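Protein chains in written order, with the numbering used here: chain A, 653 to 971; chain B, 653 to 971.
The beta carbon of each residue, even a glycine, is placed where N, CA and C say it ideally should be.
Just so it is clear, the structure is predicted and the values come from calculations on it, not from any experiment.
These notes concern the structure reproduced below.
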């Protein structure tokens, strides 16, 4: 599936090249790896992170081959983290399909995730830029640390999760990869230091907003759109921004009472009807305004326009 | 524990620095990561891989800080792979102690392994040498691919495992890391291309021999030396070189009959008494002779002498 997000039009050819690189990484001829990798790599996902990398490259002067490696490496890192996420959460479904974890079991899913980490490292190394490679290694560490902090909270009382902790978690989980795509490509494209800092901030804000919107959709999407039951996060004990906003809107007694019920239907209904969704939406809008502001540091032109229009796509999307 | 292997005397200071770097990576002040990392990082293991990296560095002209990063990165990669190995094998014990997997569970052990991969990447990137970093990423891929092939064989008939498949598996599992330590440091030390090739071959042969000896010890060591029951590999369904040698020594009927018993006692006894151990030992000796031959490409001196004496240590060790 080549993405149909309109902001990606400028980099359709690059995205097609990424798709071919991913299909190649899936080792179609390998009897063991081929079938497992083909469950997670080709034709899945919106390719938002590669598109960010490719569009950012267009802000400057880039070597097409190196930029392709960067865009592919970022998507492979994303894929690796999803495979291990499903292991950690013991998830059955992702995007409406059975997860690799469910299909091949814990052991092989751990190893396939490791293999994808290795392949993403190979792609980032192939950019030949030590600064970019260093950013890649830092990103990997941030992602893991964020996941460990989330997993360690486990069954401890999530209800007291602060807004700051929430943003820290989603930074590691989502925004760090957006930063890698944007900052890494800005370096490869030879942008000025102030433009690199701007693109880092753009990736950071866009990534946070993207995850906030994801967490909102978990409450207001339909099961068909989500590919999983509505309110899955809170049902599994994960507190996200809409619930934190709900806590700000009702009394501590009401909040505790809502959580007294086992299946979380009351919490889900309250999030949908109390104005919590609108408050969370306002936070996403603020983040996206900051992302657009940060873009001012980048050179004007069609690539910057596309990056700006992406900030609107992020908030309007339903899946 | 600073290693007491005599061949390491030349690099005692460097090994002490690696130990401090590992203790630092264990994040003693971090409430979540500290306790988990301290279970796997400091004071454990013989530090054979860092010693190889440090000794190889001494063959040429090296920057102490970069070499330290290399030596630490290799040991972190080793640690990461052990953590995931225990997840994949659902192992309770390693070196006589409970594994991280047993202590903190599947999810956190997966994430801590990922975190260690990230930290090892950070260290290798800190060498600043793209050729070394690229070797690191390739090594990671080889290790994963080897593990996947081993895990995929799973409960399929292991009895037909060929010698070639066995060596492929242990190359990915063990020798690839020895190669990274030796070849990576040879590059950092500015050795000639022929010396780099020689050190690559030395690491390759030493690593294979090390694993063969490990697989022999699994049959002839005591439970106290092994920190786990004798014959654990074959009891868990993993065929190693001593069993392949046994298959060469007895008839197919005898071999099948030996495996008919559930607890593998007959197989273990046969390996110990049939001459299979001696055959496997001869293969290790041959590999070590090749490792010594490869050393001829490296500059003579105390570091090369220490690397040569390591080939004797590998075959004489009991743990």
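Per-residue DSSP class, three states only, for residue i
i: residue 750 (chain A); result: strand
i: residue 913 (chain A); result: coil
i: residue 690 (chain A); result: helix
i: residue 814 (chain A); result: coil
i: residue 863 (chain A); result: helix
i: residue 654 (chain A); result: Its pLDDT being 42, under 50, residue 654 (chain A) is placed unreliably in this model, and the coordinates cannot settle the point.
i: residue 708 (chain B); result: helix
i: residue 602 (chain B); result: The structure shown has nothing for residue 602 (chain B), since chain B only spans 653 to 971.
i: residue 856 (chain B); result: helix
i: residue 843 (chain B); result: coil
i: residue 969 (chain A); result: coil
i: residue 678 (chain A); result: coil
i: residue 829 (chain B); result: helix
i: residue 666 (chain B); result: helix
i: residue 714 (chain B); result: coil
i: residue 824 (chain B); result: helix
i: residue 684 (chain B); result: coil
i: residue 697 (chain A); result: coil
i: residue 804 (chain A); result: helix
Chain A contact residues for residue i, given Cβ-Cβ distances below 8 Å
i: residue 799 (chain B); result: 763 and 766
i: residue 782 (chain B); result: 777, 780, 782 and 785
i: residue 739 (chain B); result: 758, 759 and 762
Identified DSSP bridge partners for residue i
i: residue 745 (chain A); result: A:750
Per-residue burial, residue i [other beta carbons within 10 Å of its own, 16 or more giving buried]
i: residue 653 (chain A); result: Bear in mind that a pLDDT of 39 at residue 653 (chain A), under 50, signals an unreliable position, so the number given afterwards is only what the model happens to contain. Exposed.
i: residue 733 (chain A); result: buried
i: residue 699 (chain A); result: buried
i: residue 952 (chain B); result: exposed
i: residue 1001 (chain A); result: Since the displayed chain A opens at 653 and closes at 971, residue 1001 (chain A) lies outside it and no answer follows.
i: residue 874 (chain A); result: exposed
i: residue 964 (chain B); result: exposed
i: residue 812 (chain A); result: exposed
i: residue 710 (chain B); result: buried
i: residue 731 (chain A); result: buried
i: residue 888 (chain B); result: exposed
i: residue 713 (chain B); result: exposed
i: residue 956 (chain A); result: buried
i: residue 917 (chain A); result: exposed
i: residue 667 (chain B); result: buried
i: residue 853 (chain B); result: buried
i: residue 797 (chain B); result: buried
i: residue 844 (chain A); result: exposed
i: residue 934 (chain A); result: exposed
i: residue 814 (chain B); result: exposed
Beta-carbon neighbours of residue i, restricted to chain B and to distances below 9 Å
i: residue 839 (chain A); result: Ordered by position in chain B, no residue passes the 9 Å Cβ test against residue 839 (chain A), which lies about 14 Å from the chain.
i: residue 943 (chain A); result: Result: empty, since nearest Cβ-Cβ is about 26 Å, beyond 9 Å.
Chain B residues whose Cβ lies nearer than 8 Å to that of residue i
i: residue 745 (chain A); result: Here the premise fails: no neighbours, minimum Cβ distance about 18 Å.
i: residue 804 (chain A); result: 684 and 760
Interface partners of residue i on chain A, CB under 9 Å
i: residue 730 (chain B); result: Result: empty, since nearest Cβ-Cβ is about 14 Å, beyond 9 Å.
i: residue 770 (chain B); result: 769, 789, 790, 791, 792, 793, 794, 795, 796 and 797
Listed by chain order, chain B residues near residue i by CB distance under 7 Å
i: residue 700 (chain A); result: Within chain B, no residue comes near residue 700 (chain A); the closest Cβ sits about 22 Å away, beyond 7 Å.
i: residue 773 (chain A); result: 773, 789 and 792
Partners in chain A for residue i, counting only beta-carbon separations shorter than 7 Å
i: residue 736 (chain B); result: 762 and 766
heavy atom of the ligand COA below 7 Å from residue i C-beta
i: residue 692 (chain B); result: As far as ligands go, the structure on display features none, and thus does not contain the ligand COA.
* In chain order, which alpha helix (DSSP H) runs of at least 4 residues are fully inside the region 721 to 800 of chain A? -> 752 to 756 and 758 to 777
* Asked: Where are the alpha helix (DSSP H) runs, 4 residues long or more, that stay fully inside the region 910 to 958 of chain A, in chain order?
  -> 917 to 925 and 928 to 947
* Whole beta strand (DSSP E) elements within the region 867 to 913 of chain A, 3-residue minimum -> none
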